[in-house]
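Participant:
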Ligand code: PRX
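Residue numbers (this note's numbering): 28 to 686.
#1: Using the rule of at least 16 other Cβ atoms within 10 Å of the residue's Cβ for burial, across every protein chain shown, is residue 650 buried or exposed?
#2: Would you kindly work out how many angstroms separate the C-alpha atoms of residue 548 and residue 427, rounded to a whole number?
#3: By Cβ distance below 6 Å, which residues in the same chain neighbour residue 676 in space, the five residues on each side in sequence not counted?
#4: Taking residue 247 as part of the alpha helix (DSSP H), name the residues at either end of that continuous run.
#5: So if DSSP puts residue 539 in a beta bridge, which residue, or which two residues, is it bridged to?
#6: Indicate the three-state DSSP secondary structure (helix, strand or coil) for residue 104 in the structure shown.
#7: Assign residue 114 to buried or exposed, taking buried as 16 or more other Cβ atoms, counted over all protein chains shown, within 10 Å of its Cβ.
#8: Quick one: residues with CB closer than 7 Å to any heavy atom of the ligand PRX, in chain order, please.
#9: Indicate the three-state DSSP secondary structure (helix, strand or coil) for residue 366 in the structure shown.
#10: Consult DSSP for residue 435 and reduce its assignment to one of helix, strand or coil.
#11: If you count every other CB in all the chains shown that lies within 10 Å of the CB of residue 425, and 16 or more means buried, which is it?
#12: Have a look at 632, 153 and 585 and flag the residue whose alpha-carbon is nearest the alpha-carbon of residue 288.
#13: For the segment 378-397 against the segment 182-199, are there 3 or more C-beta pairs whose distance is under 8 Å?
#14: Whole-angstrom Cβ separation of residue 393 and residue 419, contact assumed at under 8 Å?
#15: Nearest to residue 223 by alpha carbon, out of 241, 254 and 215?
#16: With H, G and I counted as helix, E and B as strand and the rest as coil, what does DSSP make of residue 479?
#17: Any contact between the segment 299-311 and the segment 67-82? By contact I mean 3 or more CB pairs, one from each, below 8 Å.
#18: Can you list, in chain order, the residues of its chain whose CB lies under 6 Å from that of residue 595, leaving out five sequence neighbours each side?
#19: Look up residue 18 in the DSSP assignment and say whether it is helix, strand or coil.
#20: How is residue 56 classed by DSSP in three states: helix, strand or coil?
#21: What's the C-alpha gap between residue 127 and residue 363?
#22: Assuming residue 193 contacts residue 169 under a Cβ cut-off of 8 Å, what Cβ separation, rounded to an integer in Å, is found between them?
#23: Distance, Cα to Cα, residue 175 vs residue 132?
#24: Quick check on the DSSP output: what are the complete beta strand (DSSP E) runs of length 3 or more inside the segment 572-649, in order along the chain?
#25: Buried or exposed: residue 231, going by 16 or more other Cβ atoms within 10 Å of its Cβ?
#26: Quick check on the DSSP output: the alpha helix (DSSP H) that includes residue 380 runs from which residue to which?
#27: Label residue 270 either buried or exposed according to how many other C-beta atoms from any shown protein chain fall within 10 Å of its C-beta, with 16 as the threshold for buried.
#28: List the DSSP bridge partners of residue 534.
#29: May I ask which residues mark the beginning and end of the beta strand (DSSP E) holding residue 392?
#30: So the candidates are 472, 439, 508 and 554; which of them puts its Cα closest to the Cα of residue 501?
#31: In whole angstroms, what is the alpha-carbon distance linking residue 352 and residue 645?
#32: Using a Cβ distance threshold of 8 Å, determine whether the segment 83-92 contacts the segment 158-169, with at least three qualifying pairs required.
#33: Nearest by alpha-carbon distance to residue 508: which of 67, 90, 40 and 102 is it?
#34: Looking at the structure shown, is residue 452 part of a helix, part of a strand, or coil, going by DSSP?
#35: Of the choices 647, 342 and 148, whose alpha-carbon is the least far from that of residue 21?
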């Protein structure tokens, strides 16, 4: 059984195409990470006995009841730390309030308009308890799902941890998603409560979160209450529908000084559901559970970022995505680390906002995405140069392959050529970092995510599943790891088919990778119909469904094309229904339509109108041809695509390659 139609049909061709397109190889130079306190024996120890390694790490969690078995593995169903009981909010908050860390900053928050707030672990403890009490009052119980649709404000973290305290799995929906995307996610997990804000600040404007939430919940009968944070002081303009809608601050006032006993939850109790794009039009609700996920995020945060108590760690991700879940909230807080959290855009009010934040708070670790790094390069060195960035001692990259030029620029211009750079590969499904250098222990090569984290067995295999010692192939994971998603919410069959059927007994990542002579891994990008636009995953099918829902569109095909800053951009090929005229106006209308349907991140960069879509004899869309057209490799004047003879001519050259 093939994981994805495209990967299967293209077979090894998909990998060759990626290798051909790969401009990241070879590396321009090598850097040895600056030594810092690593654990020299960690790789060998973990290799000798991975389960013992993870068990050793699990000792760093606070348990309410000890577990009995480290791992039960019945492919593909994993249970980690079986029989144990614990609570994630206790591990991220309570236990630190019993030490000197009580008055240590947990979250240093910077609002986009320039307001700021520091929350100690003690503050976080009070607010998490208050909000947990509020949720209880609204009827939330162990097992109920709670949806969260907010910007990057501290209340988001409080809400997540309050849910974890009650054993109510949260599903955080990125604040840039449309009402329809929010509605689909709420409906899929049947959430009882929605937590949102009146609005959020973005590039000086207000994102109408409550308006979007109102539109979404009209079709969500499971929602009993909508809790609203007053963030943009728009209180008078936001209609509140009593008794459904309640203000966050009123609930908090009513729950002053409340203490809520944390639930003693099973190791495998669902902690959260996070939706991510796949190869169909319907996003997948990846389910993460408690103990393994916490163990994985805590351990990787500690070793990959070399987290120490005096670090000021700045992860620029949005908590609407998995990076924010694992490396702003659960991993760092479980370690008692201080995290900087920023609400807004990196170019507001100036193009040096991040550097301003690094300088203001003396950040020591910065974790960001290649897209952002490439934008900084484009904006010019004068922005970072205006700032004293000498506090930085470690830089991280995540979300997409980083080209060596960006890697080198990052290290030279942000890290003053002295900081290690950790390029971390992982996915929503993996829960935590799986391929990465460890500072002080691993020699880096710019553009390579280097080698698997201790205890992780990754391999590059060919179509038949044979290991490829040197060269390109599919990236698979051969052993279970603690933070792995346990299933797709409500759809275990899809979980099995998607990840565990392509190569029996192994997890198929959907990524192509190349292994070099030193055993280093170079990620090449997706081999399925998933795009990675500016580090965000979008399914081609989702965009195609959005396009064909427009009355003028008869058929649509979407491909990813190389984009200098975003890594990939979306190109859409549309055939119009009779009576509709192609042109700039139609293209703008369709771009607007997709943005409204899914969210602005899915807005196509280019729309091509074609008389027909090029298909193989077996009716598969010739995506390779479309990519070549989209990137201008095939024809100069694309307006001629609307002429049926043009495509027919170029298609014949491709038929052999793709058929
Ligand atoms: O293609 C890989 C790419 O991002 C995908 C996972 O996307 P998502 O689940 O949204 O999680 C992003 C944050 C972890 C992967 O299948 N990817 C992620 N990190 C890297 C990467 N590609 C290359 N290098 C990376 N460091």
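Note that CB positions come from ideal geometry on N, CA and C, so glycine has one too.
Facilitator: The answer reads as follows:
#1: The residue in question, residue 650, is buried, as its Cβ has 16 or more Cβ neighbours within 10 Å.
#2: Going from the Cα of residue 548 to the Cα of residue 427 covers about 14 Å.
#3: None.
#4: No alpha helix (DSSP H) contains residue 247, which DSSP labels as neither H nor E.
#5: The partner list for residue 539 (beta bridge, DSSP) reads 501 and 552.
#6: Correct three-state label for residue 104: strand.
#7: Buried.
#8: Qualifying residues, in the order they occur: 303, 348, 349, 350, 424, 425, 426, 427, 428, 429, 450, 451, 452, 453, 454, 455, 456, 476, 536, 537, 538, 550, 552, 553, 559, 562, 563 and 564.
#9: DSSP, reduced to helix, strand and coil, places residue 366 within a strand of the structure shown.
#10: Under the three-state reduction of DSSP, residue 435 is assigned to helix.
#11: Under this definition residue 425 is a buried residue.
#12: Closest option to residue 288, judged by alpha-carbon separation, among 632, 153 and 585: 153.
#13: Between the segment 378-397 and the segment 182-199 there are fewer than three inter-stretch CB-CB distances shorter than 8 Å, so the stretches are not counted as touching.
#14: Rounded, the Cβ-Cβ distance is 6 Å, consistent with contact.
#15: Ranking the options by Cα distance to residue 223, first place goes to 254.
#16: Reduced to three states, the DSSP call for residue 479 is strand.
#17: The segment 299-311 is not in contact with the segment 67-82.
#18: When the five nearest sequence neighbours on each side are left out, the beta carbons in the same chain lying within less than 6 Å of the beta carbon of residue 595 are those of 558, 559, 560 and 587, in order along the chain.
#19: With the chain covering 28 to 686 only, the question about residue 18 has no answer from this structure.
#20: With a pLDDT of only 48 at residue 56, under the threshold of 50, the placement of this residue in the model should not be trusted, and no figure is reported.
#21: The straight-line gap from Cα to Cα measures roughly 11 Å.
#22: Cβ-Cβ separation between residue 193 and residue 169: approximately 6 Å, consistent with a contact (criterion under 8 Å).
#23: In a straight line, the C-alpha of residue 175 is about 24 Å away from that of residue 132.
#24: The beta strand (DSSP E) runs of length 3 or more contained entirely in the segment 572-649 are, from start to end of the chain, 580-590, 594-603 and 633-636.
#25: Residue 231 should be labelled exposed.
#26: Taken as a continuous stretch (DSSP letters only), the alpha helix (DSSP H) holding residue 380 covers 380-388.
#27: Label assigned to residue 270: exposed.
#28: According to DSSP, which records beta bridges pairwise, residue 534 is partnered with 504.
#29: That run of the beta strand (DSSP E) goes 392-395.
#30: Nearest C-alpha to residue 501: 554.
#31: Spanning the two alpha carbons is a distance of roughly 42 Å.
#32: With a cut-off of 8 Å, the segment 158-169 and the segment 83-92 do not count as touching, because too few Cβ pairs lie within range.
#33: Here the closest residue by C-alpha is 102.
#34: Correct three-state label for residue 452: strand.
#35: No statement about residue 21 is possible, as the shown extent of the chain runs from 28 to 686 and does not include it.
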